[in-house]
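Right, one structure below, let's go through it.
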Amino acid sequence: MGYNFFTTYLPLPTSPHQVYRLINHIISVDYDIFAPSNLANWEATLEYFYKGVEQVEHEARTALDQCIGALRSANLGLELIKNLDQMETRPSLACHLSSKYENIMKQFLAEVGMVEHEFLVPGDPKALVRMGGGGDEGGPDCSQKRSAFSQYIQLVKNIREYEKDNFQEFTVYGTRTVNSVLKRNILKLEFCEPIYELEQEKRSARLKKADTLAKGSRKPSALMAGTDRTKYSNIATAVRWIVNRPESQNPELTLAQKLVRASRNTPPPGSTGTSTPATTTSGAGEFKMRQAQLMVSAVTQKRLPTWREVIGDSVLIEFKLKFAVNFSYDIFDVISEGQQFEYLGFTLCPAIRTAIMRK
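Heads up: the sequence shown begins at 1 in full-length UniProt numbering, then just goes up one per residue.
Following this line, the structure appears as structure tokens:
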């Protein structure tokens with residue numbers, strides 16, 4: 001059932017015997033699970049197991065709702081969410097807990113309001129006297145008062161800087177995504193079968209990314225860390241450069257262009273003095289070359305050719321190509337995040353604002 005992430009933070013919502021009972025129900029079956037005649041019994045056993053898992057998850061979510069709503073300190077809740085990605089638990093429980101950020105922030109604001117009330121009540125120096133141990137008599141320049149408000153102001157500044165940096169990153173990513181999606185053609189061409197070269201590139205890219213993540217250290221959250229965040233004096237130039245940067249090409253189109261360029265740079269078999277047979281350029285190599293030429297002609301659309309000029313009397317499936325919808329659902333994430341930023345009082349750029357209006 002996964003790691004118990006309630007330990008040291010929240011009480012265990014379900015008894016371990018519930019989990020063990022579900023597992024023992026599968027282990028102690030009295031029939032051969034590999035016999036075809038027992039397929040119906042095995043499906044019934046699995047259905048009972050999955051229903052039990054759903055019941056345990058439901059009890060865990062209920063316990064989360066009760067505990068998060070009764071937090072004694074917002075600091076503990078923030079620490080819990082900050083370390084959420086390091087906890088081994090059910091994905092549904094982790095997702096449910098990550099949605100409780102707003103409840104924790106409400107608790108934080110309530111604690112800030114309590115502190116303000118203690119200090120701002122007129123004619124009531126009790127809080128200052130209690131904090132100062134009877135010294136300084138709670139004067140307007142009390143050291144505890146200055147320290148408390150300086151820490152509060154520093155925290156507010158950190159949160160504000162965190163919001164600004166997030167908004168700048170969102171503006172860069174959102175503008176590039178919206179412009180890319182709205183300028184795309186409706187359809188695109190894809191290979192029907194996986195290409196060996198593309199699989200090799202994807203595998204090498206995944207290995208490089210894994211090495212980078214292994215070497216680099218995990219960057220702490222700006223909301224939790226107390227370090228000063230870097231000021232970007234040239235943020236406008238950086239945003240403009242990233243937004244206007246040309247979009248990365250389709251890897252399939254890039255591979256097709258490489259094949260076409262390679263064929264142009266390769267001399268014909270009869271131009272050299274070697275006795276290379278003409279059959280080396282036929283068969284699979286010739287078909288791949290025609291496939292690449294068709295991909296380049298159709299996608300790049302140089303001189304806006306008609307479809308008949310591109311493919312002739314053939315059918316697309318003869319070249320082992322197919323049409324696919326040229327769309328990215330990332331634009332819906334951008335629209336949703338843009339609406340949240342707008343609700344927080346940020347001014348969106350025209351491209352993202354137009355995309356939200358056209359939703």
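Virtual Cβ for every residue (Gly too), placed ideally from N, Cα, C.
The structure presented is a predicted model; accordingly, all values stated were derived computationally and were not measured.
Query - Exposure label - THR175; buried when at least 16 CB within 10 Å - result: buried
Query raised in the report: Just the Cα atoms here: how many angstroms apart are SER143 and PHE170?
Result: 40 Å
Query raised in the report: In the structure shown, what three-state DSSP assignment does residue 367 receive?
Result: The structure shown has nothing for residue 367, since the chain only spans 1 to 359.
Query raised in the report: Grouping DSSP H, G and I as helix and E and B as strand, with all else coil, what is VAL315?
Result: coil
Query raised in the report: So is MET295 buried or exposed if we call it buried at 16+ other beta carbons inside 10 Å?
Result: buried
**Report entry** Inter-residue Cα distance where the pair is ASN179 and VAL112
**Finding:** 42 Å
Query raised in the report: What residues match up with PHE323 in a beta bridge as DSSP calls it?
Result: LEU189
Query raised in the report: Between LEU223 and GLN257, what straight-line distance do the alpha-carbon atoms span, to the nearest angstrom?
Result: Confidence at LEU223 is low in this model, with a pLDDT of 40, below 50, so the placement of that residue should be treated as unreliable; the coordinate-derived value is given next. About 46 Å.
Requested in this report: Assuming VAL181 and SER328 form a contact by the criterion Cβ under 8 Å, report the distance between their Cβ atoms to the nearest whole angstrom.
Outcome: 5 Å
Query raised in the report: Are ALA292 and LEU316 touching if we call contact CB-CB under 8 Å?
Result: no
Query raised in the report: What span of residues does the alpha helix (DSSP H) with LYS100 cover, start to end?
Result: Element bounds for LYS100: n/a, residue is neither H nor E.
**Report entry** Limits of the unbroken alpha helix (DSSP H) element including ASN41
**Finding:** 39–69
Report task. Quick one: grab the DSSP three-state call for ASP30. Result -> coil
Report task. Kindly indicate which three-state DSSP category GLY77 falls into: helix, strand or coil? Result -> helix
Query - Cα-Cα separation between GLN66 and SER98, rounded to whole angstroms - result: 15 Å
Query raised in the report: Near CYS192, which residues of its chain fall below 7 Å by C-beta distance, leaving aside the five closest residues on each side in sequence?
Result: LYS320, LEU321, LYS322
Query raised in the report: By how many angstroms is the C-alpha of GLU54 removed from the C-alpha of VAL19?
Result: 11 Å
Query raised in the report: Alpha carbon to alpha carbon, how far is ILE356 from TYR101?
Result: 25 Å
Requested in this report: Locate the alpha helix (DSSP H) running through PHE332, then write down its first and last residues.
Outcome: 330–343
**Report entry** Contact between the region 66–86 and the region 30–46 (3+ Cβ pairs under 8 Å)
**Finding:** no
Query - Pick from ILE81, ASN103, THR45, ASN185 that is closest to VAL325, judged by C-alpha positions - result: ASN185
Query raised in the report: When the Cα of SER297 is compared with those of ALA44, LYS188, PRO91, which residue comes out closest?
Result: LYS188
Query raised in the report: Is GLU111 helix, strand or coil by DSSP?
Result: helix
Query raised in the report: Would you say SER147 faces chain D, with C-beta separation under 8 Å as the test?
Result: You won't find chain D in this structure, because it holds only one protein chain.
Query raised in the report: Do THR45 and HIS25 have their CB atoms nearer than 8 Å?
Result: yes
Query - Cα-Cα separation, ARG353 to GLY338 - result: 8 Å
Query raised in the report: Which of helix, strand or coil does DSSP assign to ASN83?
Result: coil
Report task. Go ahead and label THR347 buried or exposed: buried means 16 or more other beta carbons lie within 10 angstroms of its beta carbon, across all protein chains shown. Result -> exposed
**Report entry** 8 Å Cβ cutoff met for LEU78 and ILE104
**Finding:** yes
Query raised in the report: Does DSSP classify CYS95 as helix, strand or coil?
Result: helix
**Report entry** Distance CB(ARG21)-CB(GLU57) smaller than 8 Å
**Finding:** no
**Report entry** C-beta contact flag for ALA74 and PHE108 at 8 Å
**Finding:** yes
Requested in this report: Return the CA-CA distance between TYR152 and TYR343, expressed in angstroms with no decimal places.
Outcome: 24 Å
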